[in-house]
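Colleague: Below is the structure I would like to discuss, written out as structure tokens.
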Ligand code: SF4
Ligand code: SF4
């Protein structure tokens with residue numbers, strides 16, 4: 262079982278659109294399973310026409326902790342106030358005790374460590390959910406969602422990856438396709454870990470290129486081979502050329518260039534992968550898929 266991950270340095274570059282179409286094409290010839298690891302903004306299900314009710318088995322997960330105060334034990338020393346780097350503790354002057362803000366608490370545990378009175382407890386919180394759904398394109402999607410205002414999406418992503426590995430083995434999948442979280446943070450690291458090849462999508466803008474470079478530095482840290490796709494390359498051909506020159510200079514395979522087309526938006530509005538919405542786009546995505554599979558084949 263090999264893992265192909267679609268990554269972007271920031272949101273809104275067409276990562277989910279690309280994943281949805283590659284998944285549909287790939288499922289026509291190989292046994293696959295797909296993971297939506299963008300737990301902060303999971304849209305792959307929508308792009309594949311799935312609704313919340315199609316996910317048969319939503320399961321709440323607890324991957325984070327929050328600090329809570331045992332007022333009776335607190336001696337008002339303020340040590341916790343000094344160590345919190347997330348502004349999650351304020352001071353109640355009347356009571357001479359700390360107030361813990363659960364929305365801001367990251368569960369790092371520093372306050373518990375420094376508290377001389379053992380007045381801080383860390384309690385597990387339900388911060389997300391994970392579910393799976395059968396798509397009409399002959400593959401299952403495992404997706405996860407972080408609760409509004411909750412933290413700890415990296416750990417939710419790790420659980421999504423665990424589940425997709427388990428399900429993939431059970432279903433004898435040949436390939437796992439992963440729609441990664443966007444950016445360079447903890448959820449991205451969790452998304453790309455264990456990948457055999459990464460397809461990084463970018464757009465021809467200065468921020469697109471700079472975000473791509475940042476994302477690729479993260480990928481390089483894990484020594485995962487990668488290639489690049491330029492989305493909407495024709496909205497700024499000059500800048501697309503710059504990305505191509507960058508790719509050539511660092512021997513990064515350029516696996517495709519996708520033009521801007523209103524049909525991509527129409528496909529999203531109609532909750533269909535673009536290759537299903539308008540067949541004329543099939544050869545374009547098929548070419549990107551073939552090149553990616555060729556790279557994947559060469560990985561151990
Ligand atoms: S657990 Fe960490 S983030 Fe939460 S209140 Fe304590 S120090 Fe602040
Ligand atoms: S460190 Fe402990 S005892 Fe001191 S103020 Fe905070 S909770 Fe109270």
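Residue numbers (my numbering): 262 to 561. Where a beta carbon is used, it is the ideal one built from N, C-alpha and C, also for glycine.
1. Compare the C-alpha of residue 525 against each of 264, 270, 281 and 263 and name the closest.
2. Would residue 440 pass as a contact of residue 299 if the rule is Cβ separation under 7 Å?
3. What's the call for residue 359, buried or exposed, on a 16-neighbour Cβ count within 10 Å?
4. Checking the sheet assignment: what are the DSSP bridge partners for residue 439?
5. Taking the C-alpha atoms as reference points, what is the distance between residue 477 and residue 461?
6. Secondary structure at residue 479, three-state DSSP: helix, strand or coil?
7. Residue 381: beta carbon under 6 Å from a heavy atom of ligand 2?
8. Please report the straight-line C-alpha distance between residue 362 and residue 323, rounded to a whole angstrom.
9. Pick from 486, 531, 519 and 527: whose alpha carbon is nearest that of residue 512?
10. Just the residues with CB closer than 6 Å to a heavy atom of ligand 1, in chain order, which are they?
11. May I ask you to check if the CB of residue 462 is nearer than 6 Å to at least one heavy atom of ligand 2?
12. With respect to the beta strand (DSSP E) encompassing residue 386, which residues constitute its N-terminal and C-terminal limits?
13. Please confirm whether any heavy atom of ligand 2 lies closer than 6 Å to the CB of residue 337.
14. Is the beta carbon of residue 227 sitting closer than 7 Å to the one on residue 419?
15. For a quick check, are the C-beta atoms of residue 216 and residue 458 less than 7 Å apart?
16. Within the present structure, is the beta-carbon of residue 354 separated from the nearest heavy atom of ligand 2 by less than 6 Å?
17. Just to confirm my understanding: we take residue 311, look at its own chain, exclude 5 residues before and 5 after, and list those with CB closer than 6 Å. What are they?
18. Counting C-beta neighbours from all protein chains within 10 Å, is the total for residue 409 16 or more, i.e. buried, or is it exposed?
19. Which partner residues of residue 389 appear in the DSSP bridge assignment?
20. Is residue 341 closer than 7 Å to residue 369 when the C-beta atoms are compared?
21. Residue 331 lies in the beta strand (DSSP E); which residues open and close that run?
22. Three or more C-beta pairs closer than 8 Å, one from the region 312 to 320 and one from the region 346 to 354: is that the case here?
23. Let me know the secondary structure DSSP gives residue 463 once reduced to three states.
Modeller: According to the data block:
1. 281
2. yes
3. buried
4. 266 and 296
5. 8 Å
6. helix
7. yes
8. 18 Å
9. 486
10. 328, 344, 345, 347, 349, 350, 361, 366, 367, 368, 369, 370, 371 and 372
11. no
12. 381 to 386
13. yes
14. As shown, the chain starts at 262 and ends at 561. That puts residue 227 outside it, with no answer to give.
15. A query on residue 216 cannot be resolved here, the shown segment of the chain reaching from 262 to 561 and no further.
16. no
17. 394
18. exposed
19. 322 and 407
20. no
21. Note, residue 331: premise wrong, no beta strand (DSSP E); not H, not E.
22. no
23. strand
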